[in-house]
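Number of protein chains: 2
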Amino acid sequence: MKRVLFQGERGCFSEAAAYKYFNERIDGKGFFTFEEVFQALKDDPKAYGVLPIENSLVGSIRRNYDLILDYGLAIVGEVSLKITYNLLANPGMPMSSIKEIWSHPVALEQCRNFLAAHPEFDVRPVYDTAGAAKKVKEEGQQCVGAISGPRATEIYGLDVLESKIEDHAENYTRFYVLSTNEEIATGENVKSSLVFGINDSPGILFKCLSVFALRNINLAKLESRPNLNSGKPWQYLFYIDFYGSIEDEKCSSAVENLQEVVSYLQFLGSYHVK
Amino acid sequence: MKRVLFQGERGCFSEAAAYKYFNERIDGKGFFTFEEVFQALKDDPKAYGVLPIENSLVGSIRRNYDLILDYGLAIVGEVSLKITYNLLANPGMPMSSIKEIWSHPVALEQCRNFLAAHPEFDVRPVYDTAGAAKKVKEEGQQCVGAISGPRATEIYGLDVLESKIEDHAENYTRFYVLSTNEEIATGENVKSSLVFGINDSPGILFKCLSVFALRNINLAKLESRPNLNSGKPWQYLFYIDFYGSIEDEKCSSAVENLQEVVSYLQFLGSYHVK
């Protein structure tokens, strides 16, 4: 049974993503913060981490980009999960009893229309959607509703007061599966990721992208983050996801070529997408 | 006297940025949220908004990218401000009296080392650094310190318990000056911004950047955001800042050229950088 670490309580979206990716029983453990998951992964080379990297509405979870580099982990898998939210309360509580709503700040942001239609609710951000549900249950809260995912409903034995309260139905989160050990995937449906830094010069980013374009390698994602190691403000690191494995000749040539252009390059992994 | 709107209380960094940009007395007004500033700008065509768009350590303030588009405002200026934080308390309070710290979540994140060295502090996020200082003063709090910028110290008559408590000294925030009216700047030290959307096809982003590279137009920034209007997940909008004015022939040619390649393009402004 694989040991899988994630941020959040039992029933959270990261745990659901772990089940979807590994498609088997897992030995899961939730942590309070992303940093704690990374630290625990460092301490346990056999463990996998499942961490959200991007939501299709909100954008990248930038802290995790930074932490992947800080902790020197490899990306060994990717899994995408549809996100949907329910309003949960302790059994028997009617909607009219709810005075306060608990949930993760991102979930609250993604249910803006619902919350705007209920100005009578006091909204309180907590660290995790499933954690909100757990707390409502454990404390036997009578006036508090939790906004949480479908799994939390069963796990904590709460009632659904209203389902699918998200603003946009097309709401997905991509998770990376991380490990201290590199595992290079090959074949179909494989993506690769790398990060690079550049010295400012005209057209430099254009040159970097040319190594992919000239080989017809398709990019899936380009994300820029401040490069804190440059010692200068407004210097960036660029994270690129592209289709193909580093074991494909054209991909490895592209990365070799990129190495000639950039000031810093770190390959992060080739992995299956589920 | 220019009417300038921003998010935060008197003494906040956005107000400091407004003073630096306009270099004169301003008729300033602070709001609780970014959205409220945008709404107020829409309602008052003579007003300017000064809003943070990027911090050199944390990255882009993505909500404001989205709001610029949502409200159809023009970028008419940019100003950069050095960020430094002090720990403030009511006069006469020693460090040993402090049990709780109030500040904006980003400020708390940027003073992690200081807070880690003081595990005895309870940390409470509030909506604005200057707002934290104001609240500590107004409520006469005896056990609460506020992490705030230098201007708030004088304005609210608080003591500095410890100065420059930020983790990184090279900490800057860029602010955009926004207006409902376009004002095209020309000459030296001018940047321009635009946003575009693309239909997925191999090398498409490379083609987009080529219109700048082939004309030796230097890019200052590339930021990607989810394109919520595409109706499909994992479609992006790209925000580009480049050096030059849209009234320069090579810049206007580049933008015309870009228009042929992209599925959507919105020019956001040519503006002086201070």
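Chains as they are written, first to last, in this note's numbering: chain A, 1 to 274; chain B, 1001 to 1274. For glycine and all other residues, C-beta sits at the position ideal for the given N, C-alpha and C.
Chain-ordered residues of the stretch 1176-1190 of chain B with a beta carbon less than 7 Å from chain A: Cβ contacts with chain A: none found.
Check whether K134(A) and G157(A) have beta carbons under 8 Å apart: Between K134(A) and G157(A), the C-beta gap is not smaller than 8 Å, which leaves the two residues out of contact.
Length of the line joining the Cα atoms of S80(A) and K274(A): Their backbone Cα atoms lie some 7 Å apart in a straight line.
Beta-carbon proximity check, T1153(B) vs L1088(B), cutoff 8 Å: Taking 8 Å as the Cβ cut-off, T1153(B) and L1088(B) qualify as a contacting pair.
Distance between G77(A) and A1107(B) (C-alpha atoms, nearest Å): Between the alpha carbons of A1107(B) and G77(A) lies a gap of roughly 34 Å.
At least three beta-carbon pairs within less than 8 Å, the stretch 15-35 of chain A to the stretch 184-192 of chain A: Fewer than three Cβ pairs drawn from the stretch 15-35 of chain A and the stretch 184-192 of chain A lie within less than 8 Å of each other, which leaves the two stretches out of contact.
Contact set between the stretch 1204-1231 of chain B and chain A, restricted to residues whose Cβ is under 9 Å from the partner: Cβ contacts with chain A: I1204, L1205, F1206, K1207, L1209, S1210, F1212, A1213, L1214, N1216, I1217, N1218, L1219, A1220, K1221, L1222, E1223, S1224, R1225, P1226, L1228 and G1231.
Cβ neighbour criterion (16 or more within 10 Å) applied to F1212(B): The residue is buried, with at least 16 neighbouring Cβ atoms inside 10 Å.
Which residues DSSP lists as bridging S148(A), in chain order: Bridge pairing for S148(A): N86(A) [DSSP].
Under 7 Å by beta carbon: chain A residues contacting R1062(B): Contact of R1062(B) with chain A by beta-carbon distance below 7 Å involves G59.
Collapsed DSSP secondary structure at N1229(B) in the structure displayed: The DSSP-derived three-state label of N1229(B) is helix.
Pairwise C-alpha distance: S1252(B) and L1194(B): In a straight line, the C-alpha of L1194(B) is about 12 Å away from that of S1252(B).
Neighbourhood of V58(A) by C-beta distance below 8 Å, restricted to the same chain and skipping five residues each side: Correct list, in chain order: V106, E109 and Q110.
CB contact check: E170(A) to chain B, cutoff 8 Å: Yes, its Cβ sits closer than 8 Å to a Cβ of chain B.
L158(A) - DSSP class collapsed to helix/strand/coil: If DSSP states are grouped into helix, strand and coil, L158(A) belongs with coil.
Residue-level contact to chain B via CB, S245(A), 8 Å cutoff: Interface flag for S245(A) against chain B is unset, since no Cβ pair is found closer than 8 Å.
Extent of the continuous beta strand (DSSP E) run through P52(A): For P52(A), the uninterrupted beta strand (DSSP E) segment begins and ends at Y48 to N55.
Proximity of A1047(B) and V1004(B) at Cβ, strictly below 8 Å: Yes, they are a contact pair.
A117(A) classed as buried or exposed, judged by whether at least 16 other C-beta atoms fall within 10 angstroms: So A117(A) ends up on the exposed side.
Start and end residues, beta strand (DSSP E) containing E100(A): Where E100(A) is concerned, the enclosing beta strand (DSSP E) starts and stops at E100 to S103.
Cβ-based burial, H168(A) [other Cβ within 10 Å; buried from 16]: With fewer than 16 other Cβ atoms within 10 Å, it is exposed.
C-alpha gap between K1099(B) and C1143(B), whole angstroms: The alpha-carbon atoms of K1099(B) and C1143(B) are separated by roughly 5 Å.
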